[in-house]
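In my numbering, the protein residues as written are 3 to 261. For every residue, glycine included, the Cβ atom is placed at its ideal position computed from N, Cα and C. Notes to accompany the following structure.
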């Protein structure tokens, strides 16, 4: 059965691997990216988020079977908050009405194992309130200091995981028979991590911070396989799950804790 999928971040990394895998399996994919794609928009801006909905509506004819919100940044800048949190939520909420006509609608986002790290509480609180100006202001303050800029990415991903957990069981998602879930990858060899994984010293430092005892760093295709299953007809009952595909980081860092 051919399905129509929307994949953000489709021009590189996990998004590109997901797009390619879906096409290989005979599905139709509407790719979204800031780089040239079927829909070329900047999800870090309100205008780009609005354009996304309009363009996907036109290209899909008003029906989408699954939305995979993969686009993301890892820079210690306010843009990471704009794309990873507000852009992802806008993608899922904005395209949700297009899922209504699908016989098996699905929605998946990409969080990160970095959500396990201690967050910046002020930024997390602003994100949880979905206050973009306050979040941008706090992220700017964090970005101004090399010692705190690194908190932006993990905090945004923790806020996203929290949003998925809270939204998934609601009438808008579970009540409309739309499973909403996310994956939380460990270190994936993508352009986003190339600066860290291209040298032996960088790989060692990253492995110290992100322990991955099961097979270590992995390729985007591995994450794509999980995303594609979560967006498939077969996944009918997972709701609000953050699935850590991380080589064991979650188990090492959290131990007996389940949340």
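A direct Cα-Cα distance of roughly 29 Å separates residue 235 from residue 116. Take residue 216, set aside five residues on each side of it, and the residues of its chain with a beta-carbon closer than 6 Å to its own are 249 and 250, in chain order. DSSP places residue 25 in the helix class (H, G or I) of the three-state scheme. Residue state for residue 70 is assigned as strand, using DSSP reduced to three classes. A distance below 8 Å separates the beta carbons of residue 154 and residue 141. Pairing residue 233 with residue 190 gives a Cβ-Cβ distance that is not under 8 Å. For residue 180, the secondary structure class from DSSP, reduced to helix, strand or coil, is coil. Straight-line spacing of the CA atoms in residue 179 and residue 114 works out to 25 Å. Contact holds between the region 95-104 and the region 40-55, because three or more Cβ pairs, one in each stretch, are under 8 Å apart. For residue 35, there is no enclosing alpha helix (DSSP H); the enclosing beta strand (DSSP E) covers residues 30-35.
From the listed residues 3, 120 and 166, the smallest Cα separation to residue 150 is found for 120. Residue state for residue 187 is assigned as strand, using DSSP reduced to three classes. Here DSSP, grouped into helix, strand and coil, assigns residue 43 to coil. With a cutoff of 8 Å on beta-carbon distance, residue 10 and residue 68 are scored as not near each other. For residue 6, the secondary structure class from DSSP, reduced to helix, strand or coil, is strand. Cα atoms of residue 255 and residue 63: separation of roughly 45 Å, rounded to the nearest angstrom. Under DSSP, residue 246 takes part in a beta bridge, and its partners are 186.
Between residue 193 and residue 14, the gap from beta carbon to beta carbon is short of 8 Å. Every unbroken stretch of the alpha helix (DSSP H) spanning 4 or more residues and falling wholly within the region 96-139 is given here in chain order: 123-130. Collapsing the DSSP output to three states places residue 149 in coil. The C-alpha of residue 174 lies about 27 Å from the C-alpha of residue 82. Approximately 6 Å separates the beta-carbon atoms of residue 87 and residue 161; this is inside 8 Å, confirming the contact.
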